[in-house]
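In the working numbering, the protein residues as written are 575 to 715.
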């Protein structure tokens with residue numbers, strides 16, 4: 575070690591002096607690489623094709639919906655009516671009715687309060703199984 579490496583700085587704080595040494599090269603490399611990474615990240619995600627936040631979530635949800643629709647067979651009245659005899663699907667429907675807060679407007683028994691009754695013969699958007707399916711899947715105003 576030369577005497578240049580052990581040079582004390584001229585200033586002192588609380589009686590403490592420090593050496594005037596250079597940072598290790600690996601620290602400098604990490605510092606410069608992090609700057610390069612930040613520039614690339616900002617260029618890609620904020621000004622380029624990369625997506626972050628809500629944009630990315632919406633794109634992923636749209637892609638998942640497209641895959642779901644592509645994998646689903648063509649529904650008709652008979653297939654949907656067949657689901658009524660499948661006990662696990664009916665139980666899952668009850669669970670979804672409770673989880674998605676349908677009962678807040680339609681009441682727990684489906685007789686309606688704010689929302690229309692689900693148990694009478696007067697349906698605003700159609701009463702066949704495909705109409706009901708479309709209403710549940712896409713919603714209505």
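Positions of the beta carbon are idealized from the N, C-alpha and C atoms, including for glycine.
Inter-residue Cα distance where the pair is residue 594 and residue 610: Within the chain shown, residue 594 is the residue found at index 20, counting from 1. Within the chain shown, residue 610 is the residue found at index 36, counting from 1. C-alpha separation (whole angstroms): 27 Å.
Contained beta strand (DSSP E) runs [length at least 3] in the region 628-659, N- to C-terminal order: none
C-alpha gap between residue 643 and residue 693, whole angstroms: Stepping through the chain shown from its first residue, residue 643 is reached at position 69. Stepping through the chain shown from its first residue, residue 693 is reached at position 119. Cα-Cα distance, rounded: 29 Å.
Range covered by the alpha helix (DSSP H) that runs through residue 605: Here residue 605 is taken as the residue at index 31 of the chain shown, counted from 1. Counting along the chain, the alpha helix (DSSP H) containing residue 605 begins and ends at 599-620.
Contact check, residue 650 vs residue 704, beta carbons under 9 Å: As a working note, residue 650 is residue 76 in the chain shown. As a working note, residue 704 is residue 130 in the chain shown. Result yes, Cβ atoms of residue 650 and residue 704 sit closer than 9 Å.
Enclosing alpha helix (DSSP H) for residue 713 [first to last residue]: On the chain shown, position 139 is the one that residue 713 refers to. Run containing residue 713: none; DSSP gives neither H nor E here.
For residue 582, the residue or residues it bridges with in DSSP: For the purposes of this step, residue 582 is identified with residue 8 of the chain shown, where counting begins at 1. Per DSSP, 593.
Proximity of residue 711 and residue 699 at Cβ, strictly below 9 Å: As a working note, residue 711 is residue 137 in the chain shown. As a working note, residue 699 is residue 125 in the chain shown. No.
Counted within 10 angstroms of its Cβ, other Cβ atoms place residue 680 as buried (16 or more) or exposed: Numbered from its first residue, the chain shown carries residue 680 at position 106. Buried: at least 16 other Cβ atoms inside 10 Å.
DSSP-derived helix/strand/coil call for residue 575: Translated into positions along the chain shown, residue 575 becomes position 1. Low confidence applies here, because residue 575 scores a pLDDT of 48, under 50, leaving its location unreliable; read the following figure in that light. Residue 575: coil per DSSP, three-state reduction.
Proximity below 9 Å, CB of residue 701 to CB of residue 695: Mapped onto the chain shown, residue 701 falls at position 127. Mapped onto the chain shown, residue 695 falls at position 121. Yes.
Run of the alpha helix (DSSP H) containing residue 680, from where it starts to where it stops: As a working note, residue 680 is residue 106 in the chain shown. Run containing residue 680: 677-680, per the alpha helix (DSSP H) assignment.
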